[in-house]
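Reading through the structure tokens given below for one structure.
Numbering (mature numbering (1 follows the signal peptide of the UniProt record, and there is no 0)), first residue to last: -19 to -1, 1 to 513.
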């Protein structure tokens, strides 16, 4: 009965929805803003593309908001028009499939807005922890520098790349090697200010407007635009011991990874603080953008280390420390490494400041930019794979479909499902342990190697998806892209009805997040709930 009421509610809310796309130009000149509203062709063109380089759709205008009120005013104008027009929030533009595009509408450049100063970190007596309120368009690198400068504090959970916006990562989840212990970034936020698809500016948390709070976290921008987030902080360590070890046996590699994340509740001295890994199917590791760890101080030739079918697996860990624990860091790391079954004599370590470790990918970005290899198409594929089928995935993909070329790094690391809040919009496999497998490839149009072309890599991504479907591996896409409503409904599974209901409640005119392709202007209510 409850499920029926949910479906009926969604139908009633959506029955009045009609086509979205109308020309917003007649409304925009009358819109008063604290920031800037631009029709400049160069700015409009820049907002019509993203990091992925796979999709393009230009808006009519670009807004740089001076406040949350600017965002709310724009969305209210769109909602108040006869049929509405698309509005999308864009952070650093690091989407890979056009998710932040707003064809014929307005793109809000969130990372270039907000006039008011950022508040200092504060202490919450109710939680016993520190927090900081940040603008939704703030980049994580700026949040880190601010919290370090004001109390030597830092957020708990990260992404590998810090030049991403707070609102952007919270709208997806936000994951890295700390997620096994702290959960994703979406599990480390106390409160949000959100502009809904009706132009309402609402403060929400677990206790206040909880449906919106949980819907927006991992909600792919479908229910609201995050203008403020209250982020959980911890005391920042000073330095990091960064360790990599190699495996030729995939079973030993995954057993060790799963053992390490099972220690999430142990004392700090009895666990690592970060656990990731990656797959090496050729010697491209030496030249790819994550390889600086190994060279020149730690050179390694893959051919000198026996591998299984030409594939090696690298386990990557860190242990945080400061002046008070520096004397014991060697002993702590050695005790943890004795629990693992990596190839002897393949331990590679380095020590560096905590900030330098967190910002490691940006340094690689600068090198690639200098070579003209950053602004190329990025046909990325990010998957959550259930732990029970990760060995099948290895046999079929790493030692099957990929061959011996990757055109970019392949990350693989496990996470604990109980660290994720099931009330959020994020979908994960229905197992306690699941892996992120991320194919972070770059396509080179001027290469003589056809395996580096966009067409080849895109076809290979499709083969990987088809393989999982054929052998029954119940994957979920992270940073998802699906071409049809049927596939979106399958992606969300049991959460689909709730997702549709939230859309009807918070964005009934389908104004927000049109670039995701989940809700189209011509969609009928019944087809949304019961896709063919």
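Where is the CB? At the ideal position from N, CA and C, for every residue including glycine.
Remember, predicted model here, so these are calculated numbers, not experimental data.
Candidates the options, of which the one nearest residue i by Cα
| i | options | result |
| --- | --- | --- |
| residue 137 | 434, 384, 255, 385 | 255 |
| residue 375 | 57, 452, 78 | 452 |
| residue 412 | 438, 455, 22 | 455 |
| residue 295 | 217, 475, 238, 39 | 238 |
| residue 39 | 13, 67, 56, 60 | 67 |
| residue 462 | 9, 76, 13 | 76 |
| residue 71 | 110, 119, 345 | 119 |
| residue 441 | 429, 428, 421 | 421 |
| residue 386 | 61, 479, 430 | 430 |
| residue 308 | 134, 154, 210, 250 | 250 |
| residue 305 | 219, 354, 298 | 219 |
| residue 233 | 130, 204, 192, 372 | 372 |
| residue 460 | 33, 337, 22 | 33 |
| residue 488 | 101, 180, 58 | 180 |
| residue 300 | 439, 248, 345 | 248 |
| residue 78 | 107, 84, 31 | 31 |
| residue 262 | 84, 291, 174 | 291 |
| residue 479 | 403, 419, 235, 415 | 403 |
| residue 415 | 160, 318, 437 | 160 |
| residue 514 | 313, 127, 193, 369 | Given that the chain is displayed from residue -19 to residue 513, the structure contains no residue 514 and the question cannot be resolved. |
| residue 89 | 54, 341, 437 | 54 |
| residue 87 | 69, 336, 350, 356 | 69 |
Sub-8 Å separation of residue i and residue j beta-carbons
| i | j | result |
| --- | --- | --- |
| residue 206 | residue 176 | yes |
| residue 423 | residue 324 | no |
| residue 222 | residue 330 | yes |
| residue 147 | residue 117 | yes |
| residue 339 | residue 125 | yes |
| residue 52 | residue 208 | yes |
| residue 476 | residue 408 | yes |
| residue 492 | residue 56 | yes |
| residue 61 | residue 15 | no |
| residue 133 | residue 27 | no |
| residue 178 | residue 167 | no |
| residue 343 | residue 129 | no |
| residue 226 | residue 379 | no |
| residue 59 | residue 65 | yes |
| residue 170 | residue 210 | yes |
| residue 469 | residue 165 | no |
| residue 522 | residue 314 | No answer is possible for residue 522: it lies beyond the span of the chain, which begins at -19 and ends at 513. |
| residue 186 | residue 172 | yes |
| residue 245 | residue 149 | no |
| residue 106 | residue 131 | no |
Bridge partners - residue i, DSSP secondary structure assignment
| i | result |
| --- | --- |
| residue 331 | 223 |
| residue 299 | 223, 255 |
| residue 150 | Looking at the DSSP assignment, residue 150 forms no beta bridge with any residue, so it has no partner. |
| residue 397 | 414 |
| residue 206 | 176 |
| residue 363 | 419 |
| residue 70 | 89 |
| residue 215 | 135 |
| residue 45 | 17 |
| residue 167 | According to DSSP, residue 167 bridges with nothing at all. |
| residue 383 | Beta-bridge pairing links residue 383 to no other residue. |
| residue 105 | 110 |
| residue 185 | 173 |
| residue 228 | 294 |
| residue 392 | 259, 419 |
| residue 493 | 68 |
For residue j and residue i, believed in contact at Cβ under 8 Å, the rounded distance
| i | j | result |
| --- | --- | --- |
| residue 35 | residue 360 | 6 Å |
| residue 121 | residue 145 | 6 Å |
| residue 45 | residue 93 | 5 Å |
| residue 388 | residue 432 | 7 Å |
| residue 486 | residue 472 | Not confirmed; about 20 Å, so no contact. |
| residue 497 | residue 201 | 5 Å |
| residue 13 | residue 25 | Residue 13 to residue 25, Cβ: 21 Å. No contact. |
| residue 448 | residue 382 | 6 Å |
| residue 397 | residue 242 | 6 Å |
| residue 394 | residue 158 | 6 Å |
| residue 417 | residue 365 | 6 Å |
| residue 111 | residue 18 | The pair is not a contact, with the Cβ atoms about 36 Å apart (cut-off 8 Å). |
| residue 189 | residue 240 | The Cβ separation is near 40 Å, so there is no contact. |
| residue 435 | residue 428 | Wrong, their Cβ atoms sit about 11 Å apart, outside the cutoff. |
| residue 298 | residue 253 | 4 Å |
| residue 494 | residue 203 | 5 Å |
Short CB-CB distance (under 8 Å) between residue i and chain D
| i | result |
| --- | --- |
| residue 378 | The displayed structure is made up of one protein chain only, and chain D is not part of it. |
Residue ranges of each alpha helix (DSSP H) within the region 109 to 139, 4 or longer:
121 to 130
Any beta strand (DSSP E) of 3 or more consecutive residues that is wholly inside the region 415 to 469:
none
Suppose only complete runs of 4+ residues qualify. What are the alpha helix (DSSP H) ranges in the region 304 to 329, listed by chain order?
310 to 318
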